[in-house]
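K.L.:
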Amino acid sequence: MKKQQRRTTIPLDRDATGRFLPLIIGIMVLLATLMLVGAVMLGEGLSNWRSGLDLKLTVQVMQLDERATPLAQRVEESLAVLRASPQVATAEPLSGEDMSRLLAPWLGQGELPADLPVPALIDVTLKQQGDIAVLQESLKGIAGVSLDDHGSWLRDVRRLAQLSIIAAYSMVVLIAGAAALILILLVRAGLNTHRDVVELLHLVGATDAFIARQFQRHMLWVSTQGAVLGGVVAAILLAIVSVLGQRIGYVSSIPWLAVPVIPLLFVLLAGMTSRRTARRLLSELP
Amino acid sequence: MITFESVGLRYGTGPEVLRDITFTLDSGSFHFLTGASGAGKSSLLRLLYLAHRPSRGLITMFGQDIVSLPRDDLPALRQQIGVVFQDFRLLDHLSVLDNVALPLRAAGKPEGEALAHVTELLKWIGLGDVLHLRPTVLSGGQQQRVAIARAVIARPKLLLADEPTGNVDNGIALRLLYLFEELNRLGTTIVIATHNESLLERFKYPRLHLADGHLMQSEAGEAA
Numbered sequence: 048m049k050k051q052q053r054r055t056t057i058p059l060d061r062d063a064t065g066r067f068l069p070l071i072i073g074i075m076v077l078l079a080t081l082m083l084v085g086a087v088m089l090g091e092g093l094s095n096w097r098s099g100l101d102l103k104l105t106v107q108v109m110q111l112d113e114r115a116t117p118l119a120q121r122v123e124e125s126l127a128v129l130r131a132s133p134q135v136a137t138a139e140p141l142s143g144e145d146m147s148r149l150l151a152p153w154l155g156q157g158e159l160p161a162d163l164p165v166p167a168l169i170d171v172t173l174k175q176q177g178d179i180a181v182l183q184e185s186l187k188g189i190a191g192v193s194l195d196d197h198g199s200w201l202r203d204v205r206r207l208a209q210l211s212i213i214a215a216y217s218m219v220v221l222i223a224g225a226a227a228l229i230l231i232l233l234v235r236a237g238l239n240t241h242r243d244v245v246e247l248l249h250l251v252g253a254t255d256a257f258i259a260r261q262f263q264r265h266m267l268w269v270s271t272q273g274a275v276l277g278g279v280v281a282a283i284l285l286a287i288v289s290v291l292g293q294r295i296g297y298v299s300s301i302p303w304l305a306v307p308v309i310p311l312l313f314v315l316l317a318g319m320t321s322r323r324t325a326r327r328l329l330s331e332l333p
Numbered sequence: 003m004i005t006f007e008s009v010g011l012r013y014g015t016g017p018e019v020l021r022d023i024t025f026t027l028d029s030g031s032f033h034f035l036t037g038a039s040g041a042g043k044s045s046l047l048r049l050l051y052l053a054h055r056p057s058r059g060l061i062t063m064f065g066q067d068i069v070s071l072p073r074d075d076l077p078a079l080r081q082q083i084g085v086v087f088q089d090f091r092l093l094d095h096l097s098v099l100d101n102v103a104l105p106l107r108a109a110g111k112p113e114g115e116a117l118a119h120v121t122e123l124l125k126w127i128g129l130g131d132v133l134h135l136r137p138t139v140l141s142g143g144q145q146q147r148v149a150i151a152r153a154v155i156a157r158p159k160l161l162l163a164d165e166p167t168g169n170v171d172n173g174i175a176l177r178l179l180y181l182f183e184e185l186n187r188l189g190t191t192i193v194i195a196t197h198n199e200s201l202l203e204r205f206k207y208p209r210l211h212l213a214d215g216h217l218m219q220s221e222a223g224e225a226a
């Protein structure tokens with residue numbers, strides 16, 4: 048009862064301007080949590096995917112004219128070179144079925160036409176990441192052979208994924224910034240609405256810290272309501288995503304830590320912003 | 003105890019509303035502040051309760067130079083000043099008890115001690131049965147007593163009252179003045195701004211008389 052009386056020395060809880068604050072904070076907490084979780088999962092997925100692809104190479108043996116060494120022989124020579132290399136873990140040629148499946152989106156199902164100059168492909172797995180220039184040099188003596196480390200498109204995909212992660216983190220920061228701006232506006236509006244009460248407190252000897260604490264307590268209380276609301280909804284949505292992800296076989300761990308951390312950060316942000324704003328505005332009083 | 007030397011006050015870039023005000027209020031003195039409407043009484047009171055700092059001149063209160071005092075030190079000085087506003091300025095959303103307890107809470111007094119002290123004072127001035135009511139349901143006289151209780155609860159060294167008898171009949175006005183005299187006997191310095199000629203006739207205390215922003219006279223001869 049006493050605490051209730053002290054909390055309402057400035058009747059901020061009656062302000063129409065702050066009525067929707069819990070809902071606004073709730074929505075922002077929900078968005079920020081989903082963004083952060085998305086960014087972490089994207090980063091984790093990219094890392095897993097890269098670690099699988101970074102050790103993969105593809106050796107392509109082109110069809111040449113009839114005067115050249117036959118394709119099958121050049122594939123065998125290439126395999127021999129690859130398997131003799133200390134860098135290579137495995138080197139396996141793709142079968143005709145594999146090639147048909149790879150080209151099915153462009154050429155349709157079924158066997159490939161005999162007169163189609165389809166190159167032979169060798170799937171290479173390295174023991175560890177390293178310079179492939181030596182391997183390239185070794186294959187140079189075999190005609191029509193090229194080595195593709197997927198570097199260029201892997202770099203593009205990596206850049207795109209990194210941009211997505213940066214964008215997601217930026218959104219989290221922007222959402223937090225927007226929340227801080229709303230709180231600043233509400234504190235300013237509260238000070239204007241209750242100017243007579245604030246001035247009276249000032250005149251009876253209340254310090255700026257005492258008055259700012261009234262604003263801070265109110266904003267902390269209202270923000271906590273919103274943060275809990277947003278956090279609960281985020282947890283429910285992520286639980287649904289987790290269940291659906293397991294059903295479709297996509298197994299990536301959800302960073303559950305974000306669910307309590309983001310609401311907590313928003314509550315801290317609300318406390319700090321409201322106190323600092325109130326103190327700054329109060330310092331303009333005589 | 004309180005000294006004004008060549009004090010001037012202007013609001014913003016407007017004209018000076020107080021000019022060359024010089025006087026001294028001894029500790030434990032009792033003064034009336036008089037003057038026509040617009041003469042500067044409220045402005046002088048605002049300087050006394052530290053709602054403003056002067057535009058020029060020197061003010062010394064409780065041994066402190068108000069002009070150069072850091073802003074952070076002002077609340078401690080304000081806690082030594084009680085003010086009864088003409089319109090009372092009670093907070094309608096708080097109970098009588100909480101209104102009177104404001105200065106003690108602002109001063110950081112322990113809650114239990116503050117409530118006991120406030121309850122005792124309100125009972126003493128006959129408001130023991132309205133402790134938990136809102137000021138809006140009280141009569142004008144009761145509201146005035148609440149305002150006075152709030153002004154004196156922290157035992158201020160200086161008590162300022164702006165037209166405290168403006169809204170009450172002569173009988174209540176007299177009782178109020180007797181109350182202020184009682185506080186004065188306990189050592190509180192009192193300054194009362196008033197237009198009430200019958201009170202001024204009856205209570206022969208020195209006057210600080212303002213006219214057009216200048217301090218014109220003091221019957222006790224304490225003002226310049």
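Keeping their order, the protein sequence lines are chains A and B.
The numbering of the first sequence is the numbering used here, which starts it at 48 and goes up by one.
The numbering of the second sequence is the numbering used here, which starts it at 3 and goes up by one.
Built from N, CA and C at the ideal position, the CB exists for glycine as well.
Quantities reported herein were computed from a predicted structural model and do not represent experimental measurements.
#1: When DSSP labels each residue in this structure, what does B:L210 get in the three-state scheme?
#2: Going by Cα to Cα distance, which pick from B:E113, B:P166, B:D22 and B:Y180 is closest to B:L35?
#3: Does DSSP put B:G16 in a helix, in a strand, or in coil?
#4: At the level of alpha carbons, what is the spacing between B:Y13 and B:A53?
#5: Touch check for the stretch 191–207 of chain B and the stretch 25–39 of chain B: three-plus C-beta pairs under 8 Å?
#6: What residues from chain A crowd round B:R91, counting only those whose CB sits closer than 8 Å?
#7: Is the stretch 124–131 of chain A touching the stretch 150–166 of chain A, taking contact as three or more C-beta pairs under 8 Å?
#8: Would you give the residue range spanned by the alpha helix (DSSP H) that A:P307 belongs to?
#9: Could you tell me which whole beta strand (DSSP E) segments of length 3 or greater appear in the stretch 39–95 of chain B?
#10: At the level of alpha carbons, what is the spacing between A:D178 and A:D196?
#11: What is the DSSP secondary structure of B:E224, reduced to helix, strand or coil?
#12: Do A:Q107 and A:S193 have their C-beta atoms within less than 8 Å of each other?
#13: Measuring only the C-alpha atoms, how far is B:L27 from B:V69?
#14: Could you spell out where the alpha helix (DSSP H) holding A:P140 opens and where it closes?
#15: For B:L92, which residues of its own chain have a beta-carbon under 7 Å away from its beta-carbon, when the five flanking residues on both sides are left out?
#16: Going by beta carbon distance, what residues of the same chain come within less than 6 Å of A:L59, once the five residues before and after it are set aside?
#17: Should B:G134 be labelled buried (16 or more other beta-carbon atoms within 10 Å of its own) or exposed?
#18: So, under 8 Å CB-CB, B:V86 and B:A153 are touching, yes? Tell me the CB distance rounded to an integer number of Å.
#19: Given a threshold of 16 other Cβ atoms within 10 Å of its Cβ, counted over all protein chains shown, does A:V181 qualify as buried or as exposed?
#20: Give the straight-line distance between the Cα atoms of A:I213 and A:R206, rounded to the nearest whole angstrom.
#21: Using the Cβ count rule (16 or more neighbours within 10 Å means buried), how would you classify A:M48?
#22: In the stretch 60–85 of chain B, which residues sit with their C-beta less than 9 Å from some C-beta in chain A, listed in chain order?
P.N.:
Short version:
#1: In the second sequence, residue 210 of chain B corresponds to position 208, counting from 1. Here B:L210 sits in strand by DSSP.
#2: Residue numbering aside, residue 35 of chain B sits at position 33 when the second sequence is read from its first letter. If we check each option's Cα against that of B:L35, B:P166 comes out closest.
#3: Along the second sequence, read from residue 1 onward, the residue named residue 16 of chain B stands at position 14. Of the three classes helix, strand and coil, the one that applies to B:G16 here is coil, per DSSP.
#4: Taking the first residue of the second sequence as position 1, residue 13 of chain B is located at position 11. Taking the first residue of the second sequence as position 1, residue 53 of chain B is located at position 51. One C-alpha to the other measures close to 12 Å.
#5: yes
#6: As a position in the second sequence, residue 91 of chain B is number 89, starting the count at 1. Those are D243 and L247, listed as they occur along chain A.
#7: no
#8: Mapped onto the first sequence, residue 307 of chain A falls at position 260. It spans A305 to L329 - the alpha helix (DSSP H) in which A:P307 sits, taken as one unbroken run.
#9: 58–63 and 83–86
#10: On the first sequence, position 131 is the one that residue 178 of chain A refers to. On the first sequence, position 149 is the one that residue 196 of chain A refers to. The straight-line gap from Cα to Cα measures roughly 11 Å.
#11: Numbered from its first residue, the second sequence carries residue 224 of chain B at position 222. Below a pLDDT of 50, predicted positions are generally treated as unreliable, and B:E224, at 44, falls in that range; the measurement from the model is reported next regardless. Of the three classes helix, strand and coil, the one that applies to B:E224 here is coil, per DSSP.
#12: As a position in the first sequence, residue 107 of chain A is number 60, starting the count at 1. As a position in the first sequence, residue 193 of chain A is number 146, starting the count at 1. Contact: yes.
#13: Position 25 of the second sequence, counted from the first residue, corresponds to residue 27 of chain B. Position 67 of the second sequence, counted from the first residue, corresponds to residue 69 of chain B. Approximately 18 Å, taken between the alpha carbons.
#14: For the purposes of this step, residue 140 of chain A is taken as residue 93 along the first sequence, with counting starting at 1. No alpha helix (DSSP H) contains A:P140, which is instead part of the beta strand (DSSP E) from V135 to P140.
#15: Taking the second sequence and counting its residues from 1, the one referred to as residue 92 of chain B is at position 90. Answer for B:L92: N101, P137, Q145, V148 and A149, listed in chain order.
#16: Here residue 59 of chain A corresponds to residue number 12 of the first sequence, with the count starting at 1. Result list for A:L59: G237 and H265, in chain order.
#17: Taking the second sequence and counting its residues from 1, one reaches residue 134 of chain B at position 132. Inspection of the sequence shows that residue 134 of chain B is occupied by His rather than by Gly. The residue is exposed, with fewer than 16 neighbouring Cβ atoms inside 10 Å.
#18: In the second sequence, residue 86 of chain B corresponds to position 84, counting from 1. In the second sequence, residue 153 of chain B corresponds to position 151, counting from 1. Their Cβ separation, rounded to whole angstroms, is 5 Å, which keeps B:V86 and B:A153 in contact under 8 Å.
#19: Residue mapping note: residue 181 of chain A aligns to position 134 of the first sequence, counting from 1. By the 10 Å Cβ count, A:V181 comes out exposed.
#20: Within the first sequence, residue 213 of chain A is the residue found at index 166, counting from 1. Within the first sequence, residue 206 of chain A is the residue found at index 159, counting from 1. About 10 Å.
#21: On the first sequence, residue 48 of chain A is found 1 positions in, with the first residue counted as 1. Summary for A:M48: the model assigns pLDDT 40, below 50, so the residue's position carries little reliability, and this model does not support an answer.
#22: R73, D74, L76, P77, A78, L79, R80, Q81, Q82, I83, G84 and V85
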